[in-house]
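I have placed the structure first, in the form of structure tokens, so that the comments after it can refer back to it.
Residue numbers (this note's numbering), protein chains in the order written: chain A, 1 to 95; chain B, 101 to 195.
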């Protein structure tokens with residue numbers, strides 16, 4: 001799936017509700033999902049991990065839409081590898 | 101960009117270092133980027149928002165790789181809209 005497609009689906013599915021909730025509350029929901037991902041990482045539960053990575057990604061896409069950010073453009077910094085040294089693998093060791 | 105492509109670039113760029121750091125420390129780095137995103141949301145700075153959404157997405161992809169999760173599969177739950185009611189827009193109001 002393209003990032004643009006994912007973001008568009010999320011926009012069409014939830015934008016009305018996300019807009020009503022606002023950026024701060026949507027950010028909080030996203031962080032709640034990050035917490036659930038933390039638990040899945042601890043439990044090493046493959047089904048929970050799959051579920052929670054999907055949820056964090058979905059909330060990140062919804063928040064990006066509310067903030068006017070195109071996730072494709074955001075990801076483009078990494079399109080050729082490390083954004084600092086352009087290495088694949090990274091050679092600058094700054095991350 | 102496809103999610104699979106993004107995840108593959110991140111894997112080729114950072115996997116050696118991410119593996120050495122481990123899941124917990126990589127999770128912590130991701131959360132640090134969530135904190136930077138929080139600041140960009142507060143400041144409403146378009147350039148910072150673009151930058152920080154990209155960084156959170158990149159760390160999420162790196163962490164997914166360490167956890168053996170395919171982001172494409174994770175996103176697939178949302179491919180047809182709300183995973184609970186399958187609505188586009190969502191009709192179940194559970195998110």
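Glycine included, each C-beta is placed from N, C-alpha and C at the ideal position.
- By the CB criterion at 8 Å, residue 158 (chain B) and residue 149 (chain B) fall outside the cutoff.
- As the crow flies, the alpha-carbon of residue 13 (chain A) is around 14 Å from that of residue 4 (chain A).
- About 27 Å separates the beta carbon of residue 95 (chain A) from that of residue 66 (chain A), a gap too long to meet the 8 Å contact definition.
- With fewer than 16 neighbouring CB atoms inside 10 Å of its own CB, residue 144 (chain B) falls in the exposed class.
- Per DSSP, residue 130 (chain B) is one residue of the alpha helix (DSSP H) stretching across 103-143.
- Residues of chain B whose Cβ lies closer than 8 Å to the Cβ of residue 38 (chain A) are, in chain order, 127.
- Counting only Cβ-Cβ distances below 7 Å, residue 164 (chain B) has contacts in chain A at 53, in chain order.
- DSSP places residue 69 (chain A) in no alpha helix (DSSP H); its state is neither H nor E.
- Between the stretch 60-75 of chain A and the stretch 25-39 of chain A there are three or more C-beta pairs closer than 8 Å, enough to call the two in contact.
- Collapsing the DSSP output to three states places residue 177 (chain B) in a helix.
- Between residue 31 (chain A) and residue 37 (chain A), the alpha-carbon positions lie close to 10 Å from each other.
- Using a 10 angstroms sphere on the CB of residue 92 (chain A), the tally of other CB atoms stays under 16, which defines it as exposed.
- In this structure, the CA atom of residue 88 (chain A) is about 21 Å from the CA atom of residue 169 (chain B).
- Neighbours of residue 82 (chain A) across chain B, judged by C-beta separation under 9 Å: 113, 114.
- From the beta-carbon of residue 192 (chain B), no residue of chain A is found nearer than 8 Å; the closest lies around 11 Å away.
- Of all alpha-carbon atoms in A:55, A:42, A:73, the one lying nearest the alpha-carbon of residue 182 (chain B) is that of A:55.
- Listed in chain order, the non-local C-beta contacts of residue 7 (chain A) below 7 Å within the same chain comprise 61, 64, 65, 71, local neighbours out to five positions each way being set aside.
- Not one beta carbon of chain B lies nearer than 8 Å to the beta carbon of residue 32 (chain A).
- Within the same chain, Cβ atoms closer than 8 Å to the Cβ of residue 2 (chain A) are found at 72, the five residues on either side in sequence being excluded.
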